[in-house]
């Protein structure tokens, strides 16, 4: 448990490499909400790279499940209603705000995009606020 | 996120020295600089949902590999949320 921050740092570094590969080969920002959103209204020639990337996210999860299944044990025990509302907010908010943790937080901040810095500070602040409120209300543990 | 930024802060600068990506003729990196109400309010809504569900879009998809019901419900709701914004934006034209 005390070593968790090392896993987080190494995992983060791997993500940093992954977004670098996307940039080097495809010239694109690895914004996962945007990549998924583009699949919902597919246009010719713009679907396959999105699909293979999302498939890769899933296969990465399958590999992790085999080599380090305990990584999944931390899944939250929230009520179904909470999960639905959370998903709706994440989907709606990321498209309205043009990005999420990957696109703004990792790619945007790395290139010092002011929009991404503002977005990241906003969603982290909102997250902290939400945790405080929902813990008080007993909605989340 | 910090580990990823440390790496990509450096590699972004190295990669962008190239004239174009390996498999494409031009870069597709966003160039917008305007801080819009949609950017801030959308990010705020995302942050709220992120804290409530404990997942952002990437890890949510990777978590599907656990075959637990929670990430499945989350991802489906997330897709509905994306459609919902598309519907609302059809009237508001926020990101146009």
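Chains as they are written, first to last, in the working numbering: chain A, 3 to 143; chain B, 48 to 143.
Cβ atoms here follow ideal geometry from the backbone N, Cα and C, with glycine treated the same way.
Just so you know, these numbers come straight off a predicted model, no measurement behind them.
7 Å or more divides the Cβ of residue 50 of chain B from the Cβ of residue 114 of chain A.
Residues of the stretch 58-75 of chain B with a C-beta less than 9 Å from any C-beta of chain A: 58, 59, 60, 61, 62, 63, 65, 67, 68, 69, 70, 71, 72, 73, 74, 75, listed in chain order.
Under the DSSP assignment, residue 136 of chain B falls in the alpha helix (DSSP H) whose first and last residues are 116-139. Chain order gives the chain A residues near residue 79 of chain B as 100, 115, 117, where near means a beta carbon separation below 9 Å.
Taking a C-beta cut-off of 8 Å against chain A, the contacting residues of the stretch 79-99 of chain B are 79, 80, 81, 82, 85, 86, 87, 88, 89, 90, 91, 92, 93, 94, 95, 96, 97, 98, 99, listed in chain order. In the three-state reduction of the DSSP assignment, residue 60 of chain B falls in the helix class. Counting only runs of at least 4 residues, the stretch 67-92 of chain A fully encloses no alpha helix (DSSP H) element at all. What residue 50 of chain B touches in chain A, judged by beta-carbon distance under 9 Å, is 10, 11, 12, 13, 14, 15, 16, 17, 18, going in chain order. Under the Cβ criterion of 7 Å, residue 56 of chain B is counted among the residues facing chain A.
Nearest CB-CB separation between residue 121 of chain B and chain A: below the 7 Å threshold. Inter-residue distance for residue 38 of chain A and residue 52 of chain A is about 7 Å (C-alpha atoms, whole angstroms).
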